[in-house]
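Novice: The end of the sequence shown is residue 429 by the UniProt record's numbering, with every number in the run present.
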Amino acid sequence: MYANGYCPSAADGTPLPCPDGYGAIIGTAAVCAFLEILLSFTPPKVMLRIFPPIVTGPTVMLIGIALIQSGFQNWSGGSGLCSAADPLPFFASCPDITAPHALPWGSPEYLGLGFSVFLTIILCERFGSPIMKSTSVVIGLLVGCIIGAACGYFDRSGIDAAPAASFIWVRTFKLTVYGPLVLPMLAVFFITTCESIGDVTATCDVSRLEVEGRLYESRIQGGVLADGVNGILAALMTTTPMTTFAQNNGVIALTRCANRKAGYCCCLFLIIMGVFSKFAAALVAIPSSIIGGMTTFLFCSVAVSGIAIITKGVHFNRRNRFILTAGLALGYGATLVPNYFDHVFSYSGDNKALQGFLDAIVLIMETGFAVTAVVCMVLNLVLDLEIQDAYDVGPETSEVVGKDSEHNLDRREGGSTGGSDEIQPASKE
């Protein structure tokens, strides 16, 4: 927006505040969110045919792996500008040089503070009572906050400056649709549909609910629909759209609490803390290293949930191993080297629609879980089911039942779930 003059810049090139640009972003997001709403009305069998466990499992796993990077950066002091290899002088220490106990990124003090949270979670799981095991994350966060406060890591300035209460909509923005953002936003909401299906599947898994059948399909449709509606409501409430929160799967796995009433209570507390700014300021004041020690544990549990989806819903035959290998190879690569696709397109013309389309491609190719989702989805739809090779035949199996035509007929009739071509024991005849 600054490059094409939509948002103003100073004479020296410094970007100036651009409320109209922010309004264009959230306005475009609100319009593009209708794509996810439309996808939610797709018949469940068709939706699960497109997004089976062999697609959602790797996607959830890559989401967790990508989040671990953010958690580890916070553990080391912060994920902002202070974590850069050559930070600006103002960010030479984390979070910045004005903090009460500012230290360089990666300082042992920060690592130790985050480790106190991590270690407390482990000790609660090993030696704690059932209630301590269920609340190990909260206990770990409290222990880290106590240590951080005693050592002077908390900054009270934000708490003191925050008003006692404030209305939710403190400022409004002019909502518009920004053309170059339409295609990237559509790509984002398509990927969030896949992410939502994977997250809901992981939530069912950690909640010990079925991950197949009509009730599960209803949950999938409801989750995708709610995610799309929330995208519109978020824009109308002057904030960027939110996606399904995968980290909650880690909370459910650790606390063993999947009761909806607990979720309603959490929503109530979030509303209260959003209105009464002192609560929100107190949470923001928690040092990043303490948050990182907790979230790293939670984010890794998200990745483990993705692994569980794969192991429970995907048969490791030759075809599915090939799909997983191809999808994870590109997904891991994009996660480890996120800027590898920056210089592929060299277009510099005035066609904003084309530029937006190219930006959408770059966005997908540089997002690990998006690459994995697209590759696994396409390969699962185009690769025929085959007779398994000798490597897949177990010692107790003397022949493989079925032929290519029979497998393909079964897939057309029943729908492939990414693992329907399992090997069956040969009959005695």
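Think of the CB as a built atom: it goes at the ideal place given N, C-alpha and C, for glycine as much as any other residue.
Remember, it's a predicted structure, so these values are computed and weren't measured experimentally.
#1: According to the Cβ coordinates, are M1 and A303 closer than 9 Å?
#2: In angstroms, rounded to a whole number, what distance separates the CA positions of T365 and V374?
#3: For the alpha helix (DSSP H) that N74 lies in, which residues bound it at each end?
#4: Contact defined as beta carbons within less than 8 Å: I believe T120 pairs with I139. What is the distance between those atoms, to the nearest angstrom?
#5: Alpha carbon to alpha carbon, how far is A202 from T238? Give it in angstroms, no decimals.
#6: For F34 and V229, what's the separation of their Cα atoms in angstroms?
#7: Our contact map puts F299 next to G71 with C-beta atoms below 8 Å; I'd like the distance itself, whole angstroms only.
#8: Give me the DSSP bridge partner(s) of L103.
#9: Give the DSSP-derived three-state secondary structure of S9 in the structure shown.
#10: Could you tell me if F41 is buried or exposed, where buried requires 16 or more neighbouring beta carbons within 10 angstroms of its beta carbon?
#11: State the Cα-Cα distance for the pair D155 and T244, rounded to the nearest angstrom.
#12: Specify the secondary structure class of residue 434 as computed by DSSP and reduced to three states.
#13: Taking only the alpha-carbon atoms, compute the straight-line gap between D342 and L385 and give it to the nearest angstrom.
#14: Which first and last residues belong to the alpha helix (DSSP H) in which Y22 is found?
#15: Taking the DSSP output, what are the residues bridged to P15?
#16: Who are the Cβ neighbours of T28 in its own chain at under 7 Å, not counting the five residues just before and after it?
#17: Work out the CA separation of H101 and A84 for me, nearest whole Å.
#18: Report the three-state DSSP secondary structure of V393 (helix, strand or coil).
#19: Rank N339, A280, I271 by C-alpha distance to the C-alpha of V362 and give the top, closest one.
#20: Just verifying my parser: in three-state terms, what is the DSSP assignment at D350?
#21: Helix, strand or coil: which one does DSSP assign to F276?
#22: Determine the burial state of K428: buried for a count of at least 16 other Cβ atoms within 10 Å of its Cβ, exposed for fewer.
#23: Suppose the cutoff is 6 Å on Cβ atoms and the five residues either side in sequence are ignored; what does the same chain contact list for A162 look like?
#24: What is the C-beta distance between R136 and L270, in whole angstroms, given that I count them as a contact (C-beta under 8 Å)?
Specialist: Based on what the coordinates show:
#1: Here residue 1 is taken as the residue at index 1 of the sequence shown, counted from 1. Here residue 303 is taken as the residue at index 303 of the sequence shown, counted from 1. No, these two residues do not count as a Cβ contact at 9 Å.
#2: Taking the first residue of the sequence shown as 1, we reach residue 365 at position 365. Taking the first residue of the sequence shown as 1, we reach residue 374 at position 374. In the sequence as displayed, the identity of residue 365 is Met instead of Thr. Straight-line Cα distance between these residues: approximately 10 Å.
#3: Within the sequence shown, numbered from 1, the residue matching residue 74 stands at position 74. Start and end: 53 to 75.
#4: One-based indexing of the sequence shown puts residue 120 at position 120. One-based indexing of the sequence shown puts residue 139 at position 139. About 6 Å; that satisfies the 8 Å criterion.
#5: Here residue 238 is taken as the residue at index 238 of the sequence shown, counted from 1. Here residue 202 is taken as the residue at index 202 of the sequence shown, counted from 1. If I take the Cα positions, the gap works out to 30 Å.
#6: In the sequence shown, the residue the question calls residue 34 occupies position 34. In the sequence shown, the residue the question calls residue 229 occupies position 229. Those two C-alpha atoms are separated by around 8 Å.
#7: Taking the sequence shown and counting its residues from 1, the one referred to as residue 299 is at position 299. Taking the sequence shown and counting its residues from 1, the one referred to as residue 71 is at position 71. 5 Å between Cβ atoms; contact.
#8: By 1-based counting over the sequence shown, the position of residue 103 is 103. Answer by DSSP bridge pairing, in chain order: C94.
#9: Translated into the one-based positions of the sequence shown, residue 9 becomes position 9. DSSP places S9 in strand when its eight states are reduced to three.
#10: Within the sequence shown, residue 41 is the residue found at index 41, counting from 1. By the 10 Å Cβ count, F41 comes out exposed.
#11: Against the sequence shown, residue 155 aligns to sequence position 155. Against the sequence shown, residue 244 aligns to sequence position 244. Cα-Cα distance, rounded: 31 Å.
#12: Any property of residue 434 remains undetermined from this structure, which presents the chain solely from 1 to 429.
#13: Counted from its first residue, the sequence shown places residue 342 at position 342. Counted from its first residue, the sequence shown places residue 385 at position 385. L385 has its alpha-carbon roughly 36 Å from the corresponding atom of D342.
#14: Counting from one through the sequence shown, the residue named residue 22 turns up at place 22. Counting along the chain, the alpha helix (DSSP H) containing Y22 begins and ends at 19 to 40.
#15: Here residue 15 corresponds to residue number 15 of the sequence shown, with the count starting at 1. BP columns for P15 point to S9.
#16: The sequence position of residue 28 within the sequence shown is 28, counting from 1. Excluding residues within five positions, the ones whose Cβ falls inside 7 Å are V177, Y178, L181, V182, M185.
#17: Here residue 84 is taken as the residue at index 84 of the sequence shown, counted from 1. Here residue 101 is taken as the residue at index 101 of the sequence shown, counted from 1. Answer to the nearest angstrom: the Cα atoms are 19 Å apart.
#18: Position 393 of the sequence shown, counting from 1, holds the residue named residue 393. Note on V393: pLDDT 47, under 50, position unreliable in the model; the coordinate value appears next. In this structure, V393 counts as coil in the three-state DSSP scheme.
#19: As a first step, residue 362 is located in the sequence shown; it is residue number 362 there, counting from the start. Measuring from the Cα of V362, the nearest candidate turns out to be N339.
#20: Indexing the sequence shown from 1 puts residue 350 at position 350. DSSP places D350 in coil when its eight states are reduced to three.
#21: Here residue 276 is taken as the residue at index 276 of the sequence shown, counted from 1. In this structure, F276 counts as coil in the three-state DSSP scheme.
#22: Taking the sequence shown and counting its residues from 1, one reaches residue 428 at position 428. For K428, the predicted structure reports a pLDDT of 42, less than 50, and the residue's modelled location is therefore unreliable. A value from the coordinates is still provided. Exposed is the call here.
#23: Taking the first residue of the sequence shown as 1, we reach residue 162 at position 162. Counting only Cβ-Cβ distances below 6 Å, and skipping sequence neighbours, we find S277, K278, A281.
#24: Within the sequence shown, the letter at position 136 stands for residue 136. Within the sequence shown, the letter at position 270 stands for residue 270. Checking the sequence shown, residue 136 turns out to be Ser, not Arg. Not a contact, Cβ separation roughly 21 Å.
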